[in-house]
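**Student:**
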Amino acid sequence: MLQVNEIRDNFDRACEGLKKRNLPEPESLLQEVLKLDDKRKQTQVERDGLQAESNAMARQIGQLMKEGKKEEAEAAKRQTAAIKSKVKALEEDYATCEESLIRLLYTIPNVPHPSVPAGKSAEDNEVVLQKGTIPALTGTQKMPHWELIKKYDIVDFELGVKITGAGFPVYKGKGAKLQRALINFFLDEAEKAGYKEVQPPILINEESGYATGQLPDKEGQMYLAGADGLYLIPTAEVPITNMYRNEVLSESDLPKKNAGYTPCFRREAGNWGAHVRGLNRLHQFDKVEIVQITHPDQSYPSLEEMSLHVQGLLQKLELPYRVLRLCGGDMGFTAALTYDMEVFSAAQERWLEVSSVSNFETYQSNRLKLRFKNQDKKTVLAHTLNGSALALPRIVAALLENNQSDQGIRMPQVLVPYLGFEWIS
RNA sequence: AGAGAGGUGUCCGAGCGGUCGAAGGAGCACGCCUGGAAAGCGUGUAUACCCCUAAAGGGUAUCGAGGGUUCGAAUCCCUUCCUCUCUACCA
Numbered sequence: 477m478l479q480v481n482e483i484r485d486n487f488d489r490a491c492e493g494l495k496k497r498n499l500p501e502p503e504s505l506l507q508e509v510l511k512l513d514d515k516r517k518q519t520q521v522e523r524d525g526l527q528a529e530s531n532a533m534a535r536q537i538g539q540l541m542k543e544g545k546k547e548e549a550e551a552a553k554r555q556t557a558a559i560k561s562k563v564k565a566l567e568e569d570y571a572t573c574e575e576s577l578i579r580l581l582y583t584i585p586n587v588p589h590p591s592v593p594a595g596k597s598a599e600d601n602e603v604v605l606q607k608g609t610i611p612a613l614t615g616t617q618k619m620p621h622w623e624l625i626k627k628y629d630i631v632d633f634e635l636g637v638k639i640t641g642a643g644f645p646v647y648k649g650k651g652a653k654l655q656r657a658l659i660n661f662f663l664d665e666a667e668k669a670g671y672k673e674v675q676p677p678i679l680i681n682e683e684s685g686y687a688t689g690q691l692p693d694k695e696g697q698m699y700l701a702g703a704d705g706l707y708l709i710p711t712a713e714v715p716i717t718n719m720y721r722n723e724v725l726s727e728s729d730l731p732k733k734n735a736g737y738t739p740c741f742r743r744e745a746g747n748w749g750a751h752v753r754g755l756n757r758l759h760q761f762d763k764v765e766i767v768q769i770t771h772p773d774q775s776y777p778s779l780e781e782m783s784l785h786v787q788g789l790l791q792k793l794e795l796p797y798r799v800l801r802l803c804g805g806d807m808g809f810t811a812a813l814t815y816d817m818e819v820f821s822a823a824q825e826r827w828l829e830v831s832s833v834s835n836f837e838t839y840q841s842n843r844l845k846l847r848f849k850n851q852d853k854k855t856v857l858a859h860t861l862n863g864s865a866l867a868l869p870r871i872v873a874a875l876l877e878n879n880q881s882d883q884g885i886r887m888p889q890v891l892v893p894y895l896g897f898e899w900i901s
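The numbering of the first sequence is the working numbering, which starts it at 477 and goes up by one.
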């Protein structure tokens, strides 16, 4: 959620930024925010003033009672009724104001960083860099991963359908081991990079969902455990970032770096089609997430650091990849700047998104009330960042497709110690 | 899951209808004391929103959360969350 004071102080900058997101009329929208906030303040002044009066009267009555002046006290009591009903009315006004202000703020996405390119869709994303060699596959050695997994019997979709439904695959044998190897590899790398490993809950309450911005706008994307009002996490970002909800850290604690492995659950309602065959899109998948809480001055250097960390993983996995700077139209609601990492899946001949690294600046921390005390002892909002490092299924897809040959599928060297084998054959 | 107890400031802990943002202690900060330190003494020690601002000052709210009773609630009532003890169950 944007900060009202920031909007007030940097009105033009906010408008310019929101235009990159193709918001039709950010000016009037932001004006509306300021108007509501003004009204809120004005109501507060009135309410507080009357409440002060009411409090004074109550004190007076107390005093009179003590002095035994019963008659006078009773008379004073009768006078309070009018003021009380006014206070009550103003309290309701205030609550209404505040609620509509917050509701409006919830509909406004984060202001993009100046470096974010304008644009409408994924087509307009900026390719920052591309690395690695795209393998040249031919003939029988150019099987898409959904055929390879059948050939080697390592991932079983039909079995998942029986147990749960579409999009819940069963990993078997070397397929299951590959999952475990990747998770351990990613966690070990994160630890080396200074991230503290955590294992958070994978069900979250409503408050957590609001705090990191999944609610209210992505309500339909999450699975709901209705009996208990809990949501299955769509990403470990939610529980890990929420560890710091309502916290005041000290400046010396920053940056906080956490990494965690969790399964992730996404309903992906209305998001299915031919282009999402096999492992390309699932309802349940595994991911290692890295999360940072930083000083506002440090968040962009940290974002670069996280991007390099993810790139390092892809290099070690010997996968050809590219880095995109997302345009205003393609960027997530809560992000100020996002890099997407895509690997090339050689049989599908497609780039697959395997990571998304974002700086949210204070958009999340404002809802989270995640602050720190700076050197002037002032409490200020921290910046939050997170990124996938990495999401497994598409990595698996690319590994299978890119490394296939007549001898089988060769695993990258870094994984061999984790796997205990080099070939899937 | 059942029965009981309880949730107060950085921490411990008192308060159980009025002057309580909240006794007392510990901690922390600053000052005095000291050759230095400890002890001792003194002073200070929450957050949010808002008013007025040059500064100072002031208002409102906050004693797990939400609602209610009352002129007035940390104190009474209701709902809810959490913790502890016992019982039951269980990976």
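All C-beta atoms, glycine included, are put in the ideal place defined by N, C-alpha and C. Since this is a predicted model, take the numbers as computed values, not measurements.
1) Tell me which residue opens and which closes the alpha helix (DSSP H) that Y707 is part of.
2) Which value, in whole angstroms, describes the spacing of the CA atoms of L679 and L706?
3) When the Cα of R554 is compared with those of L566, L800 and A534, which residue comes out closest?
4) Grab me the residues of M477's own chain with a C-beta within less than 7 Å of its C-beta, minus the 5 sequence neighbours each way, in chain order.
5) Count the other CB atoms within 10 Å of the CB of G863; is the residue buried (16 or more) or exposed (fewer)?
6) What is the rounded straight-line gap between the Cα of R523 and the Cα of L494?
7) Can you tell me where the beta strand (DSSP E) holding N498 begins and where it ends?
8) How is the alpha helix (DSSP H) around R656 delimited, first residue to last?
9) Tell me where the beta strand (DSSP E) around T770 begins and ends.
10) Candidates E575, L795 and E665: which alpha carbon is nearest G608's?
11) When you compare each of G805, G754 and A687 to V637 by their alpha carbons, which one comes out closest?
12) Reducing DSSP to helix, strand and coil, say where R847 ends up.
13) For the putative contact between N734 and Y671, defined by C-beta atoms under 8 Å, what is the C-beta separation to the nearest angstrom?
14) Just checking, does the segment 612-632 make contact with the segment 827-836 on the three C-beta pairs under 8 Å criterion?
15) Return the first residue and the last residue of the alpha helix (DSSP H) that Y894 is part of.
16) Apart from the five residues on each side of it in sequence, which residues of its chain come closer than 6 Å, Cβ to Cβ, to G696?
17) Taking the beta carbon of A612 as the centre, do at least 16 other beta carbons fall within 10 Å, making it buried, or is it exposed?
18) Which residue marks the beginning of the beta strand (DSSP E) containing H859, and which one marks its end?
19) Report buried or exposed for E665, applying the criterion of at least 16 other Cβ atoms within 10 angstroms of its Cβ.
20) I need the straight-line Cα distance from L813 to S684, nearest angstrom please.
21) Based on Cα-Cα distance, which residue from S591, N601 and I766 lies nearest to E673?
22) Spatial neighbours of E468 within its chain, please: CB distance less than 7 Å, with the 5 preceding and 5 following residues excluded, ordered by chain position.
23) Are the beta-carbon atoms of K515 and G805 separated by less than 8 Å?
24) Is the beta carbon of P593 sitting closer than 8 Å to the one on C803?
25) Any idea which residues DSSP pairs L700 with across the strands?
26) Quick check on N681: does DSSP put it in helix, strand or coil?
27) Any chance the segment 773-793 sits against the segment 865-882, with 3 or more Cβ pairs inside 8 Å?
28) Check whether the segment 698-718 and the segment 727-743 are in contact - that is, three or more C-beta pairs closer than 8 Å.
29) Give me the residue from A557, H771 and M782 with the minimum Cα distance to K854.
30) Using DSSP's beta-bridge definition, name the partner residues of D832.
**Tutor:** Taking the structure as given:
1) Run containing Y707: none in the alpha helix (DSSP H); it sits in the beta strand (DSSP E), L706 to L708.
2) 6 Å
3) A534
4) L581, Y582, Y839, N842 and R843
5) buried
6) 34 Å
7) Segment: none, N498 is in no beta strand (DSSP E) and carries neither H nor E.
8) K650 to K668
9) Q760 to T770
10) L795
11) G754
12) strand
13) 6 Å
14) no
15) V892 to L895
16) A745
17) exposed
18) H859 to A867
19) buried
20) 22 Å
21) I766
22) Because residue 468 is not part of the residues shown, which for the chain are 477 to 901, the question remains open.
23) no
24) yes
25) Y707
26) coil
27) yes
28) yes
29) H771
30) Here residue 832 is Ser; the residue named in the question, Asp, does not match the sequence. In DSSP, S832 forms a bridge with D816.
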